[in-house]
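Taking this note's numbering as reference, the numbering of the sequence shown is continuous, increasing by one, and the terminal residue is 1113. Here a beta-carbon is modelled for each residue, glycine too, at the ideal position from N, C-alpha and C. Read the structure below first, then the notes.
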Amino acid sequence: MADARVDPGRAHGAHPVTPLELFFDLVVVFAITQVSSFLSRRPTLGGLFEGLLLLGAIWWAWSGYAWLTNMLDPEEGVVRLAMLAAIGAMLVMSLAAPGAFGSDAVTFAIAYAVVRAFQLVLLAIAARGDRELMRAVARLVPAAALATVMLVAAGLVQGWERLALWCAALPILYLAPLLGHMRGWRVSPEHFVERFGLIIIIALGESIVAIGVGAAGLPLDAGVIVAALLGITVVACLWWAYFDWVVYVAQARLAEAMGPARAALARDAYSYLHLPMVGGIVLFAFGLKTTLADASGALAVIPALGLCGGVALYFVAHIAFRLRIGGGFGRGRPVATVLLLALIPAATMIPALLALGLVAAVCVGLIVYEVFRHRQARAWIRSRRGAFTTEEALAVQRSRGRGRRRQPGHDGAEDSIRE
């Protein structure tokens, strides 16, 4: 059991995501696919709400393991066995997800309880000899236990009572970390950023799967091909918006913060604000699948909300993410968000293929704007790959700011974050 203790070097140094973590994430791929399928089967306002609740529960379970494996090596001893058992429980939870508000409600809740129990037990084992971490884990137990009991109870009732218990349980889970301090939690910036970046890629992969599912059984005519290409264009833009340079700024800011401040930044910017990013991608995948099924017809309200509003939600989360890491409100992403929201009612009146084309046009326009608006600062940030401090970015801004009259449009590194 000694090898299951927290590894201070792992928590503070650079270490790659392990194969077992990637194996764990494969089950999350299936879980996200199940949420998308749930939305496709229930394209109503109630189905949308329940689907988002379902995603919230799955996300919090996954996020807990991202924090766990950030602090200890999941490949060794009892931790490996417990992780494999948790993978089995997560698989059962994913299988039960489509019926989480119906016939499989109890199965989903029990599997969820097992997933959370393994996480808390492993954290407690890892925290032996680390009083601060043990106290941090102890602070989470009451909320985790209460919320899990409420989800199990939700499986035993029906109708509005079940939904009410879900609506009460998830806020308990999400608000608990905000009610106390973050002292005791350890965060390895490189590993943390890589792990959450991989889950964004997994979610984007669901959009690509949606193209295949939506086109299945349809003749491969020009309409389907154009819709597929427009869909992958939007997915590429969502990938670009995250991985081009913002991810490096976030890693730099996370590395610069220390102690509880770093843990609080990781909690807010990643555990909280990455959920609406993933949610937006899942909504877009649902809307894209519906678009491919009937590209010539207008979308119903909920699929239109998914196609346009999902991408808007993704960019809203990006705006909040940049604000939390110390950047500014910016111009491009807020404008793109407003345009996408304006497209929602239009998408219910025009052909779905045209609506998808307009979404793609907004996304491409945003990427082109940001590439040219911040071209020099972007190049500097990407060259450092997250290995810089705020002071270094400000120094670059000051040195380049002196040459702006000679080089119009020249941005500093910090400007690209704030604008």
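Have a look at GLU1064 and ALA944 and give me their C-alpha separation to the nearest angstrom. 17 Å
Buried or exposed: LEU1047, going by 16 or more other Cβ atoms within 10 Å of its Cβ? buried
Within the same chain, show all residues whose beta-carbon is closer than 7 Å to that of LEU898, passing over the 5 residues directly before and after it, in chain order. VAL929, LEU932, TRP933, ILE975
Run of the alpha helix (DSSP H) containing VAL881, from where it starts to where it stops: Unbroken run through VAL881: none, as it is neither H nor E.
Closest by C-alpha distance to ILE895, when choosing among ARG1076, ARG947, TYR936: TYR936
Please give me, in chain order, every unbroken run of the beta strand (DSSP E) with length at least 3 that falls completely inside the segment 993-1054. none
Between which two residues does the alpha helix (DSSP H) holding GLN852 run? Counting along the chain, no alpha helix (DSSP H) covers GLN852, and no H or E run does either.
Tell me which residues share the same chain as VAL663 and place their Cβ nearer than 7 Å to its Cβ, disregarding the 5 neighbours each side in the sequence. The chain is shown only over 695 to 1113; residue 663 falls outside these bounds and no answer can be derived.
Would TRP754 and ILE893 qualify as a contact pair, given that the criterion is a beta-carbon distance under 8 Å? no
Secondary structure at GLU715, three-state DSSP: helix, strand or coil? helix
Beta-carbon gap between THR985 and ALA921 smaller than 8 Å: yes
Run through the segment 930-990 for me and flag every whole alpha helix (DSSP H) of 4 or more residues, listed as ranges in chain order. 940-950, 953-960, 968-987
Assuming LEU967 and LEU959 are in contact, meaning their beta carbons sit under 8 Å apart, how far apart are those beta carbons, in whole angstroms? Not quite, the Cβ-Cβ distance comes to about 11 Å (not below 8 Å), so this is no contact.
Cβ separation of ALA725 and SER797, assumed to be a contact under 8 Å, to the nearest whole Å: Incorrect: roughly 18 Å between the Cβ atoms, too far for contact.
So what's GLY771 in DSSP terms, helix, strand or just coil? helix
Output needed for VAL851: all residues of its chain with C-beta closer than 8 Å, excluding positions within five of it in sequence on either side, in chain order. LEU859
Burial state of TRP879, where buried means 16 or more other Cβ atoms lie within 10 Å: Buried is the call here.
Within 10 angstroms of its Cβ, does ARG961 collect 16 or more other Cβ (buried), or is it exposed? buried
Exposed unless 16 or more other CB atoms sit within 10 angstroms - verdict on THR738: So THR738 ends up on the exposed side.
Ordered along the chain, which non-local residues of its own chain (more than five positions away) have a Cβ less than 6 Å from that of SER965? SER757
Judging by CA-CA distance, which residue of LEU982, VAL808, ARG956, GLY874 is the nearest neighbour of SER730? LEU982
May I ask which residues mark the beginning and end of the alpha helix (DSSP H) holding PHE812? 799-820
Residue range of the alpha helix (DSSP H) that THR763 falls in? Residues 739-765.
Quick check: the Cα distance between TRP1074 and ALA1011, rounded to an integer number of angstroms? 25 Å
Can you name, in chain order, every residue of its own chain whose Cβ lies under 7 Å from the Cβ of ALA751, other than the five neighbours on each side? TYR806, LEU864
Mind the definition here: the segment 831-844 touches the segment 861-876 only if three or more C-beta pairs lie below 8 Å; say whether that holds. yes
Please look up how many angstroms separate the CB atoms of VAL918 and ALA909, rounded, as I've assumed it's under 8 Å. The Cβ separation is near 5 Å, so the contact holds.
Consult DSSP for GLY823 and reduce its assignment to one of helix, strand or coil. Residue state for GLY823 is assigned as coil, using DSSP reduced to three classes.
Roughly how many angstroms separate the alpha carbons of LEU1007 and GLY1059, rounded to a whole number? Approximately 17 Å, taken between the alpha carbons.
Can at least three beta-carbon pairs, one atom from the segment 879-891 and one from the segment 759-772, be found at a separation below 8 Å? yes
Nearest neighbour of TRP939, chosen from GLN1070, LEU872, VAL995, ALA992 [CA to CA]: GLN1070
By how many angstroms is the C-alpha of PHE1066 removed from the C-alpha of ALA794? 46 Å
Could you check the C-alpha separation between LEU1050 and ALA979 for me, to the nearest Å? 12 Å
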